[in-house]
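Peer 1: In UniProt numbering, the protein residues as written are 1 to 107. We treat Cβ as the ideally placed atom computed from N, Cα and C, and that holds for glycine. None of these values were measured; they are calculated from a predicted model.
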Amino acid sequence: MLERIKALCKHSRITITELERKAGLGRSTIRFWDDHPPAVDKVAKVARYFDVSVDYLIGNTDNPQSHKNVGDAMYDFIRSLELLSRATSEVQEHLEPLLNYSIEEKD
Numbered sequence: 001m002l003e004r005i006k007a008l009c010k011h012s013r014i015t016i017t018e019l020e021r022k023a024g025l026g027r028s029t030i031r032f033w034d035d036h037p038p039a040v041d042k043v044a045k046v047a048r049y050f051d052v053s054v055d056y057l058i059g060n061t062d063n064p065q066s067h068k069n070v071g072d073a074m075y076d077f078i079r080s081l082e083l084l085s086r087a088t089s090e091v092q093e094h095l096e097p098l099l100n101y102s103i104e105e106k107d
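(1) In this structure, how does DSSP classify residue 28 when only helix, strand and coil are distinguished?
(2) When the distance is taken between beta carbons, is residue 2 closer than 8 Å to residue 9?
(3) Tell whether a beta-carbon distance below 8 Å holds between residue 6 and residue 24.
(4) Count the other CB atoms, across all protein chains shown, that sit within 10 Å of the CB of residue 110; report buried if there are 16 or more and exposed otherwise.
(5) I'd like to know whether the C-beta atoms of residue 81 and residue 95 end up nearer to each other than 8 Å.
(6) Considering only their Cβ atoms, is the gap separating residue 4 from residue 57 smaller than 8 Å?
(7) Using the Cα positions of residue 41 and residue 86, report the straight-line distance between them to the nearest angstrom.
(8) Quick check on residue 70: buried or exposed, where buried means 16 or more other Cβ atoms within 10 Å of its Cβ?
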């Protein structure tokens, strides 16, 4: 898990110390995980910071976005529709072909 976190930090161009601060963890918390099992809530904070799943961090999956369950997907869809309904008619006209293409590709 520590290697994944290091890789995510490198990709995001932050240090582990910065991650700990930004994720609301104590100093040296993540380094401590090398020898001691972490608390789930602390791992969840790191996952939330990087927008990846806890399963990805702990190595259960190679898909960083596997946390998107049906509830999350439905929320995202409804939120997108709300935003689209507020868009100007010109923007809606430009987005309609893109949305149709996206739906067709899923089938």
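Peer 2: Based on what the coordinates show:
(1) Indexing the sequence shown from 1 puts residue 28 at position 28. Note: residue 28 maps to coil in three-state DSSP.
(2) Taking the first residue of the sequence shown as 1, we reach residue 9 at position 9. Taking the first residue of the sequence shown as 1, we reach residue 2 at position 2. In this structure, residue 2 does not lie closer than 8 Å to residue 9 by Cβ.
(3) For the purposes of this step, residue 6 is taken as the residue at position 6 of the sequence shown. For the purposes of this step, residue 24 is taken as the residue at position 24 of the sequence shown. In this structure, the beta-carbon distance from residue 6 to residue 24 does not fall below 8 Å.
(4) Nothing about residue 110 can be read from this structure; the chain reaches only from 1 to 107.
(5) If you number the sequence shown from 1, residue 81 lands on position 81. If you number the sequence shown from 1, residue 95 lands on position 95. Between residue 81 and residue 95, the gap from beta carbon to beta carbon reaches 8 Å or more.
(6) For the purposes of this step, residue 57 is identified with residue 57 of the sequence shown, where counting begins at 1. For the purposes of this step, residue 4 is identified with residue 4 of the sequence shown, where counting begins at 1. Judged by their CB atoms, residue 57 and residue 4 are nearer to each other than the 8 Å cut-off.
(7) In the sequence shown, counting from the first residue as 1, residue 41 sits at position 41. In the sequence shown, counting from the first residue as 1, residue 86 sits at position 86. Spanning the two alpha carbons is a distance of roughly 37 Å.
(8) Walking along the sequence shown from the start, residue 70 turns up at place 70. Note that residue 70 scores 48 on pLDDT, short of 50, meaning its location in the model is unreliable; the coordinates nonetheless yield the value given after this. So residue 70 counts as exposed.
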